[in-house]
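Enquirer: Protein chains in written order, with this note's numbering: chain A, 1 to 104; chain B, 1 to 140. Dumping the structure here so I can ask a few things about it.
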Amino acid sequence: MIPALSLASSLFGTSAVSQALPAAQQSAGVAAAGSDFGQVFAQVGEAINTLKTGESTAISGLQGQTSVQHVVESVMSAERSLQTAIAIRDKIVSAYQTISQMAI
Amino acid sequence: MIDPIDAAIKIAGSGLETQSARLRIVAENLANAQSTGSAPGADPYARKTVTFESELDQATGANLVRIKRVGVDRTPFRVEHDPGSPAADSNGFVKFPNVELLVEMADLREANRSYEANLQVIKQTNSLSSMTIDLLRNSS
């Protein structure tokens, strides 16, 4: 449990620590990949691609190169991705805080 | 596995684009309802027709809709006697487009309704989607 926590905290700190920790985790035989805070954060970050698509479509729509329907569709898709990412982030942060405030 | 909600919005989006293309055709027909040919005896503007077809989207496996073909209405042109017109033939007859105002208005209304229906699908789907995401947010 402790390595997972420090991995999550390293996201906000140095990247070197976050790279070193998975190796330590593997050797220690801790839970499967994807279940720790750091990797969940990384996957949430991938949602940014949808936002970028929405952004570029909106700009090309402003320039008159794309139809309004297409702009609305991709901006709405981007918005949904963002809302999901924010909801998941809040969830992860609150889970992290719950664990970090646990009395040892 | 694609999110069905995403797919629904994409499908309705293709419906929007198709119906707006159809609106464009109706607008062309209405605007050109009086367009005669440029040379004496030449054919005037021919009414355009539009057909739709289903299109399989490879990414989502969903059946989108698209314009199959923009065709030309083959019904005979309306002929009027107007010897003064530059498009009149040697007998003084002018060919006018085969555009029926009433038919175009009906088509316009149908495209309008279809567009609204697709918009409604997007609206409902989006609201369902955000309601589901809110579930994740408020339950903490």
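All C-beta atoms, glycine included, are put in the ideal place defined by N, C-alpha and C. Since this is a predicted model, take the numbers as computed values, not measurements.
1) Pair every Cβ in the region 55-72 of chain B with every Cβ in the region 87-102 of chain B, then say whether three or more of these pairs are closer than 8 angstroms.
2) Which residues mark the beginning and the end of the beta strand (DSSP E) in which S54 (chain B) is found?
3) Could you name the residues of chain B that A87 (chain A) contacts, counting a contact when the two beta carbons are closer than 7 angstroms?
4) What are the residues in the region 117-133 of chain B lying within 7 angstroms of chain A by C-beta distance?
5) Are the region 7-23 of chain B and the region 105-120 of chain B in contact at 8 angstroms, needing three or more beta carbon pairs?
6) Please list the terminal residues of the continuous beta strand (DSSP E) segment that includes R71 (chain B).
7) Classify E73 (chain A): buried if its beta carbon has 16 or more other beta carbons within 10 angstroms, exposed otherwise.
8) Mind reading off the beta-carbon distance from F77 (chain B) to F52 (chain B)? Whole number of angstroms is fine, and I expect it under 8 angstroms.
9) Report yes or no: is there a C-beta of chain A within less than 8 angstroms of the C-beta of R55 (chain B)?
10) Can you find a CB in chain B that lies within less than 8 angstroms of the CB of T84 (chain A)?
11) What residues of chain A sit near S20 (chain B), judged by a beta carbon separation below 8 angstroms?
12) Roughly how many whole angstroms lie between the Cα atoms of T36 (chain B) and A59 (chain B)?
13) Using CA coordinates, which residue listed in A:Q65, A:R89, A:A78 and A:V40 is at the minimum distance from E55 (chain A)?
14) DSSP three-state call for V99 (chain B): helix, strand or coil?
15) Where S129 (chain B) and A42 (chain B) are concerned, what is the direct C-alpha to C-alpha distance, given to the nearest angstrom?
16) Between the beta-carbon of G13 (chain B) and the beta-carbon of V65 (chain B), is there less than 8 angstroms?
17) Which runs of the alpha helix (DSSP H) spanning at least 4 residues fall entirely within the region 50-102 of chain A, listed in chain order?
18) Could you check the C-alpha separation between K48 (chain B) and E100 (chain B) for me, to the nearest Å?
19) Do T132 (chain B) and A8 (chain B) have their C-beta atoms within less than 8 angstroms of each other?
20) Just to make sure I have the definition right: I need the residues of chain A whose C-beta is within less than 7 angstroms of the C-beta of L16 (chain B). Which are they?
Expert: Result, derived from the coordinates:
1) Not touching, per the Cβ criterion.
2) Start and end: K48 to L56.
3) When 7 angstroms is used as the limit between beta carbons, A87 (chain A) is near these residues of chain B: I133, L136 and R137, in chain order.
4) Listed in sequence order: N126, S129, S130 and I133.
5) The region 7-23 of chain B vs the region 105-120 of chain B: in contact.
6) Looking at the sequence itself, residue 71 (chain B) is Gly, so the reference to Arg does not match. For G71 (chain B), the enclosing beta strand (DSSP E) covers residues N63 to V72.
7) Buried.
8) With a beta-carbon spacing of about 26 angstroms, F77 (chain B) and F52 (chain B) fall beyond the 8 angstroms limit used to define contacts.
9) Note on identity: in this sequence residue 55 (chain B) is Glu, with Arg being the wrong assignment. Chain A places no beta carbon closer than 8 angstroms to that of E55 (chain B), leaving this residue out of the contacts.
10) By this cut-off, T84 (chain A) is an interface position.
11) At a C-beta separation below 8 angstroms, S20 (chain B) has these neighbours in chain A: S67 and Q69.
12) Rounded to the nearest angstrom, the two C-alpha atoms are 46 angstroms apart.
13) Of the candidates A:Q65, A:R89, A:A78 and A:V40, the residue whose Cα lies closest to the Cα of E55 (chain A) is A:A78.
14) Judged by DSSP in its simplified three-state form, V99 (chain B) adopts coil rather than helix or strand.
15) Taking the straight line joining both Cα atoms gives about 56 angstroms.
16) If you check the CB distance, G13 (chain B) and V65 (chain B) do not come in under 8 angstroms.
17) Whole alpha helix (DSSP H) segments, 4+ residues: 68-100.
18) Cα-Cα distance, rounded: 11 angstroms.
19) Result no, Cβ atoms of T132 (chain B) and A8 (chain B) do not sit closer than 8 angstroms.
20) The contacting residues are Q69.
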